[in-house]
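Asker: These protein sequence lines map, in sequence, to chains A and B.
So in my numbering, spot 31 of the first sequence is number 360, and the numbers just go up one at a time.
So in my numbering, spot 349 of the second sequence is number 678, and the numbers just go up one at a time.
Number of protein chains: 2
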Amino acid sequence: KSWVNISDDCDFSIDNIPFGVGSFPKLSESNGFSLPTLQPDAPRCCTAIGEYAVDLHLLAEAGLLDDLSRDEGNIENFHPRIVFSQPTLNSFMSTNKNTWVAVRNRLISLFLEDDNSKQDHGLVADSRLRDNLPLRNLAMHPLQSVTCHLPATIGDYTDFYSSREHATNVGIMFRGKDNALQPNWLHMPIGYHGRSSSIFPSGSGGKMASIRRPCGQLQLDANDPLKGSTYGPCKLMDFELEVAFFVGGSPNNDSVAKQIGRPITLDEAKERIFGYVLMNDWSARDIQKWEYVPLGPFTSKNFATTISPWIVTPMALEPFRCETSAGKQGGGGFDTFSGPREDPTPLEYLQDPNYGSYDSNLSVSINPSSTPGTETEICKSNLKHMYWSSIQQLVHHSVTGCLMNPGDLLASGTISGKEEHNFGSMLELSWNGSRDIKLSCGDTRKFLKDGDAVIMKGWCDKNGIGRVGFGECSARVLPADPFP
Amino acid sequence: KSWVNISDDCDFSIDNIPFGVGSFPKLSESNGFSLPTLQPDAPRCCTAIGEYAVDLHLLAEAGLLDDLSRDEGNIENFHPRIVFSQPTLNSFMSTNKNTWVAVRNRLISLFLEDDNSKQDHGLVADSRLRDNLPLRNLAMHPLQSVTCHLPATIGDYTDFYSSREHATNVGIMFRGKDNALQPNWLHMPIGYHGRSSSIFPSGSGGKMASIRRPCGQLQLDANDPLKGSTYGPCKLMDFELEVAFFVGGSPNNDSVAKQIGRPITLDEAKERIFGYVLMNDWSARDIQKWEYVPLGPFTSKNFATTISPWIVTPMALEPFRCETSAGKQGGGGFDTFSGPREDPTPLEYLQDPNYGSYDSNLSVSINPSSTPGTETEICKSNLKHMYWSSIQQLVHHSVTGCLMNPGDLLASGTISGKEEHNFGSMLELSWNGSRDIKLSCGDTRKFLKDGDAVIMKGWCDKNGIGRVGFGECSARVLPADPFP
Ligand SMILES: [Ca+2]
Ligand SMILES: [Ca+2]
Ligand SMILES: [Mg+2]
Ligand SMILES: [Mg+2]
Ligand code: NI
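1. Just verifying my parser: in three-state terms, what is the DSSP assignment at E597/A?
2. Check whether the Cβ of T729/A sits closer than 7 Å to any heavy atom of ligand 2, and report yes or no.
3. Helix or strand or just coil, what does DSSP make of L555/A?
4. Using a beta-carbon distance below 8 Å, is F529/B in contact with chain A?
5. Buried or exposed for V806/A, going by 16 or more other Cβ atoms inside 10 Å?
6. Please state whether the Cβ-Cβ distance between V572/A and I343/A is less than 8 Å.
7. List, in order along the chain, the chain A residues whose C-beta lies closer than 8 Å to that of M517/B?
8. I593/A touches chain B at which residues, Cβ-Cβ below 7 Å?
9. Under 5 Å, CB to any heavy atom of ligand 6. Which residues pass, going along the chain?
10. Step through the CB atoms of chain A and report whether any lies within less than 8 Å of the CB of F666/B.
11. Look up Q617/B in the DSSP assignment and say whether it is helix, strand or coil.
12. Is the Cβ of S525/B closer than 8 Å to any Cβ of chain A?
13. Below 8 Å on the Cβ atoms is my guess for S563/A versus A613/A; work out the distance and round it to an integer in Å.
14. How would you list, in chain order, the residues of chain A whose beta-carbon sits under 7 Å from the beta-carbon of R541/B?
15. So, with DSSP's three-state summary, where would you put G402/A?
16. T642/A: beta carbon under 7 Å from a heavy atom of ligand 1?
17. Along the alpha helix (DSSP H) that carries P643/A, what are the first and last residues, could you check?
18. Taking just the CA atoms, how far does H726/A sit from I602/A?
19. Need the endpoints of the alpha helix (DSSP H) that L570/B sits in, please.
20. Does any heavy atom of ligand 1 sit closer than 7 Å to the C-beta of E305/A?
21. For chain B, is any of its Cβ atoms less than 8 Å away from the one on T476/A?
22. Does the distance between the C-beta of E571/A and the nearest non-hydrogen atom of ligand 1 fall short of 7 Å?
23. With distances taken from CA atoms, which of D810/B, H408/B, L515/B and N508/B is nearest G656/B?
24. Within the same chain, show all residues whose beta-carbon is closer than 7 Å to that of S531/A, passing over the 5 residues directly before and after it, in chain order.
25. At the level of alpha carbons, what is the spacing between P818/A and A468/A?
26. I need the straight-line Cα distance from L712/B to S474/B, nearest angstrom please.
27. Verify the CB distance criterion: does T634/B have a CB-CB separation below 8 Å to chain A?
28. Could you tell me the boundaries of the beta strand (DSSP E) in which T487/B lies?
29. With respect to 7 Å, is the separation between the Cβ of T635/A and the closest non-hydrogen atom of ligand 1 below this value?
30. Got a sec? Which residues, its chain only, sit under 6 Å from S446/A by beta carbon, not counting five neighbours each side?
31. Do P372/B and L394/B have their beta-carbon atoms positioned less than 8 Å apart in this structure?
32. With DSSP as the reference, label R796/A as helix, strand or coil.
33. Report the three-state DSSP secondary structure of G500/A (helix, strand or coil).
34. Please indicate yes or no: does the CB of T497/A lie closer than 7 Å to some heavy atom of ligand 1?
35. List, in order along the chain, the chain B residues whose C-beta lies closer than 8 Å to that of G673/A?
36. Which class does F666/B belong to by DSSP, given the choice of helix, strand or coil?
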């Protein structure tokens with residue numbers, strides 16, 4: 330249905346249209362097309378379709394993003410030439426959902442085949458890009474050649490803890506089966522503030538990103554905390570499979586005392602989710618265990634967090650809405666729910682009549698540097714395993730008035746399913762180091778070794794709709810580099 | 330010793346020279362002085378002396394900050410006209426300590442009286458500002474007329490928990506006397522990531538800032554967590570008296586994998602503290618109690634944090650260095666230490682041969698709106714009560730490689746001393762609500778009431794040196810505004 334050649338297993342179908350920030354190799358020669366453009370190696374806003382990154386800055390300069398449809402309501406004050414020439418998506422995120430929808434619809438129109446346009450997405454094909462070969466050559470770059478950057482300046486980053494299975498697993502390991510879930514867990518999305526300075530994009534353009542195994546404080550004797558700690562490389566290096574979303578829209582300022590925040594209602598929250606990425610919340614379990622009481626994880630988490638570079642919109646995910654597998658919250662959700670239990674009704678501010686999730690497959694593979702060709706999938710999970718939705722997370726985050734800005738990143742927490750192979754961390758997969766995780770090369774793991782690459786993937790698939798995928802979130806673990 | 334008239338009890342003596350960001354009232358008429366300047370109401374970098382804010386942008390444009398002394402080493406690539414016309418201090422913070430020292434010395438020279446210049450600060454008076462009345466009129470504004478802004482864009486904010494007395498007090502209330510301090514506490518500065526979006530400047534220009542009493546989840550029955558929670562206004566509204574510092578200098582990038590971070594050594598950390606402010610970490614105790622296990626405080630803290638707008642430099646505080654009152658860490662500190670105990674030697678990366686603090690008085694007063702004139706001092710504390718120093722906090726923060734950027738803010742944690750009237754929060758002053766705090770108007774408090782203004786002050790005083798103070802950190806509590 331698109332004039333762009335897109336294979337069936339490609340994450341970036343015409344039904345996806347994710348947003349990201351990319352830069353391109355320097356041109357060896359001028360191609361005769363002249364627009365007042367950025368240098369190719371300057372980061373700018375892009376979308377991805379098929380095997381291409383598409384330069385939105387250039388499409389805007391060529392006038393293809395002007396006169397957007399106002400079907401969806403207010404899109405005043407949107408200046409695509411300015412917004413898409415920025416080195417981050419923050420300006421675009423700062424507009425509103427109507428604008429995101431209108432831009433996405435225009436892009437779909439520009440990529441649609443002419444002949445079957447009427448029945449596709451209710452949109453009419455716009456041939457201005459297809460028929461402009463010089464513009465196509467300048468604006469569309471093979472993904473293999475594109476360097477992806479962090480898609481936004483992340484003002485603040487928060488990590489939730491909203492998978493019931495993960496919270497239960499960790500609870501069993503640390504506190505025993507009877508006290509696995511804390512009493513507050515079913516009443517609010519538990520979360521903590523994280524470190525935005527250490528969020529890095531996944532590798533791109535065929536290059537693997539890297540993170541460094543951290544050194545830090547390790548408890549000397551697990552049975553005698555009074556013996557204190559020692560300094561050294563983390564021995565229990567782990568990943569956490571997560572999906573995170575970027576906040577968009579106008580900050581929630583208090584109308585009376587403008588500078589301070591006011592709570593975001595559930596209805597407002599729906600308009601303030603710009604889109605989703607995969608996230609690896611790298612975790613140093615031994616450091617975490619010693620430091621985390623009573624104020625939560627700190628140096629065990631703040632050294633690195635990796636995200637996939639392409640932001641998948643709620644519009645693209647909407648066809649994959651489903652009930653969660655984690656339980657039915659009182660006060661909302663799919664009528665057809667057939668799950669095993671009825672959980673407490675959340676307080677009114679958290680009740681969502683449309684409570685649900687997205688049916689999005691998630692996987693984690695390990696690729697050891699010792700056997701570069703082999704990749705073993707060690708976890709299959711699904712976004713629908715989340716008990717608290719991203720909308721509920723955003724509402725709760727702001728309930729006391731926390732100011733939520735465009736570009737803020739809120740992560741799901743480790744996404745674990747019910748079965749062993751659905752667990753989203755090695756802590757759970759190896760059950761606290763008590764069982765081996767087998768790799769196809771014959772090696773085994775309990776936690777990560779130096780040189781291991783962790784590769785996360787996520788995608789939605791459904792008959793009649795193009796695949797909506799997240800691309801990859803991957804990085805390799807470099808050896809530790811301790812103080813001399 | 331300055332030609333500026335400075336009273337003895339003024340926080341901003343010539344020995345202080347703090348940095349901040351201010352804007353000024355629009356001029357009613359041109360004053361005949363012409364420089365390519367910002368509009369008066371545009372925020373720009375300033376210092377404060379006596380009762381004046383001084384526009385550093387204008388001093389730079391007039392050439393007074395050119396050709397700085399390089400006594401202190403490298404100050405290459407410093408462009409004062411650009412740096413000081415910014416609406417935040419981030420650019421200035423991004424230079425290095427040599428530059429901060431050179432700028433401060435130049436400013437002292439410009440404010441020095443001519444006749445006794447030789448013996449003052451080892452600096453020679455520079456009469457170019459004193460003798461330029463039109464420039465003085467344009468660049469020096471009565472503090473009462475200045476609007477102070479957040480001095481930096483704060484990328485990330487962290488709150489530590491480094492007062493032994495505070496940690497012990499809270500531990501006794503929550504876990505009993507025998508388990509008051511957690512076993513990790515004496516081995517590392519415990520801290521957690523906070524919310525930078527909700528940090529606001531104290532009132533300025535004679536205006537009181539305000540924050541709003543938050544609504545959130547409150548536990549229904551303290552004795553039965555299974556009863557869950559209710560939504561409503563915080564009933565146990567509190568302040569926390571803290572001192573926070575801004576990080577400066579170049580980010581600690583890993584030289585191999587440039588994008589990721591490497592640990593900051595203790596020697597490096599000394600060069601990366603730009604300066605200090607007072608901080609009120611507003612805390613909703615009832616919300617905190619229900620939410621904080623196991624990942625730490627979240628909505629109970631992230632709604633508002635107030636800081637004083639003038640950043641006091643380590644150079645200004647240096648004459649007030651002293652031993653801490655909290656104990657002597659093995660491996661470092663003043664030889665003269667005469668404290669009651671010898672505590673565990675910290676791990677090597679945290680050992681500071683110059684371990685110590687600053688002798689800086691701190692106070693908290695309450696001014697109820699019902700009796701606007703009256704202000705009751707309810708707490709006297711001192712920065713020297715901190716067990717972990719800001720240098721140790723910065724080193725530990727980055728031990729696993731966390732990237733520390735100019736403009737990041739790191740807070741001390743509540744600063745409590747040994748005596749009851751030294752406690753830095755109402756939780757401690759009222760001993761968890763079990764005793765009354767008396768106000769001079771006849772009222773009593775256990776926690777804050779609507780309309781109460783909390784006023785924090787901090788200052789260093791010593792014979793032969795001008796007073797080095799922080800100014801005020803204050804804001805008033807507005808009534809809650811719950812969901813309908
Ligand atoms: Ca996590
Ligand atoms: Ca605090
Ligand atoms: Mg992380
Ligand atoms: Mg706070
Ligand atoms: Ni200028």
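Glycine included, each C-beta is placed from N, C-alpha and C at the ideal position.
Answerer: Here's the rundown:
1. helix
2. no
3. helix
4. yes
5. buried
6. no
7. Q546, S558 and E620
8. Those within 7 Å of I593/A in chain B number zero; the least Cβ separation is about 11 Å.
9. As presented, the structure is devoid of ligand 6, carrying ligand 1, ligand 2, ligand 3, ligand 4 and ligand 5 as its sole ligands.
10. Confidence in F666/B is poor, its pLDDT being 49 and thus under 50, which makes the residue's placement unreliable; the coordinate value appears in the next sentence. For F666/B, the answer is no, since every Cβ of chain A falls outside 8 Å of its Cβ.
11. helix
12. Yes, contact with chain A.
13. As written in the sequence, residue 563/A is Cys, which differs from the Ser given in the question. Indeed they touch by this definition, with Cβ atoms about 4 Å apart.
14. Those within 7 Å of R541/B in chain A are D583, A586, I589 and G730.
15. Collapsing the DSSP output to three states places G402/A in coil.
16. no
17. P643 to L646
18. Computed Cα separation, rounded: 13 Å.
19. Under the DSSP assignment, L570/B falls outside any alpha helix (DSSP H), being part of the beta strand (DSSP E) whose first and last residues are L570 to V576.
20. There is simply no residue 305/A to check, as chain A begins at 330 and stops at 813 in what is shown.
21. Chain B contact via Cβ: absent.
22. yes
23. L515/B
24. A538, T635, I636, S637, P638, E801, C802, S803 and A804
25. The first residue shown for chain A is 330 and the last is 813, placing residue 818/A beyond what the model contains.
26. 30 Å
27. no
28. Y486 to F489 is the extent of the beta strand (DSSP E) around T487/B.
29. Outside the cutoff, so no.
30. Model confidence at S446/A stands at a pLDDT of 48, short of 50, so the residue's coordinates are unreliable; what they give is reported in the following sentence. Only V453 and A454 meet the Cβ criterion.
31. The answer is no: Cβ separation not under 8 Å.
32. Secondary structure of R796/A (DSSP, three-state): strand.
33. helix
34. no
35. For the record, residue 673/A in the displayed sequence is Pro; it is not Gly. Going along chain B in sequence order, the residues near P673/A (Cβ under 8 Å) are G557.
36. Below a pLDDT of 50, predicted positions are generally treated as unreliable, and F666/B, at 49, falls in that range; the measurement from the model is reported next regardless. In the structure shown, F666/B sits in coil (DSSP, three-state: anything other than H, G, I, E or B).
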